[in-house]
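The working numbering puts the sequence shown at residues 6 to 223.
All C-beta atoms in this analysis are idealised placements derived from N, C-alpha and C, irrespective of residue type, glycine included.
Okay, structure first, notes after.
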Amino acid sequence: MDVRSFWIDFGTFTWSVLLLNFIQGRHFRRIIDKGLKVKTFEETEIPFRAIACTDDGRARKIVFRHGPLLEALMASMCLPGVMSPVLDWNGEAYGYLDGGVVEKTPILSPIEEHARAGRDQKLVLLCTHFDDQGRIRRPEGFLRRFTSTIARMEDVVWEFQRGQAMETPDTRIAVLNPQIKYGAGMNFEWIWFNYLWCRRKFKEQLSNAGLSRRFDAR
């Protein structure tokens, strides 16, 4: 699905489909809910966290640890300017936007979580980071210009956060980046190709990471 197809017809039906299923995220909600094996953070076998930021003008980073998974997941993927903020489900007077705005790849939050738990062990952090080479070309249309600008701002924040993480004592970091070459934000024509590409690149990079670890390289 390419979002541009929604703008072909400006009739009431098209606007209602766009509003309910995309802007308000109902379609994504149905798909995610159907795929969840458990419904709360407390039920997950492996401890899980989700990151979002508040839409109250301060863009505060929020790390969800408890409660309903579906709401937290929806909040963590709510693209600002494209999807409506997910309202707080505990009665707060604000909503949430995509956590990628404040931490594109969660790298500092796991370090903070490790310290929060009071663990003395050294931390080995494995994370995935996606550079979409397809978006580097000049974007066309308002939506892609908007998302490209957000992506660039996220990249700047990422480099700063990565630098901070690398300087953290007793912490080893491996960043897996498949360097996606085709497609761009909101264009799913290359989704299967990119999926297979990422799997292959992840295997290669994990193998290289294991090799470097044997020689005590960072």
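Going straight from the alpha carbon of Asn26 to that of Asp38, what length do you get? With a pLDDT of 47 at Asn26, under the threshold of 50, the modelled position of this residue cannot be trusted, and the question is left open.
Where does the unbroken alpha helix (DSSP H) through Gly30 begin, and where does it stop? Here Gly30 belongs to no alpha helix (DSSP H), and DSSP marks it neither H nor E.
CB contact flag (Phe151, Val87, <9 Å): yes
Any idea which residues DSSP pairs Pro73 with across the strands? Thr45
With a Cβ-Cβ cutoff of 9 Å, do Glu118 and Trp94 count as a contact? In this structure, Glu118 keeps its C-beta atom at 9 Å or more from the C-beta atom of Trp94.
Just to confirm the assignment, what range does the alpha helix (DSSP H) spanning Ala303 have? In the structure displayed, the chain extends from 6 to 223; residue 303 sits before or after that span and is not available.
Only counting the same chain, and skipping five residues up and downstream in sequence, which positions put a Cβ closer than 8 Å to that of Ile28? Val87, Met88 and Ser89
Straight-line gap, Leu102 to Arg124 (C-alpha atoms, nearest Å): 31 Å
Considering just the uninterrupted stretch of the beta strand (DSSP E) at Ile178, what are its terminal residues? Thr176 to Leu181
With which residues is Lys66 paired in a DSSP beta bridge? Cys58
For Ala156 and Ala80, I'd like the C-alpha separation in whole angstroms. 18 Å
How is the beta strand (DSSP E) around Leu131 delimited, first residue to last? Segment Leu128 to Thr133, the beta strand (DSSP E) holding Leu131.
Drop a sphere of 10 angstroms on the beta-carbon of Lys44, count the other beta-carbons inside from all chains shown, and report buried for 16 or more, exposed for fewer. exposed
For a test of the three-state rule: what should DSSP assign to Tyr200, helix, strand or coil? helix
Please report the distance separating the alpha-carbon of Glu164 from that of Thr49. 31 Å
Cutoff 8 Å; reference Ile116; Cβ partners in own chain excluding five residues on either side: Around Ile116: Leu128, Leu130, Ala170, Thr173 and Thr176.
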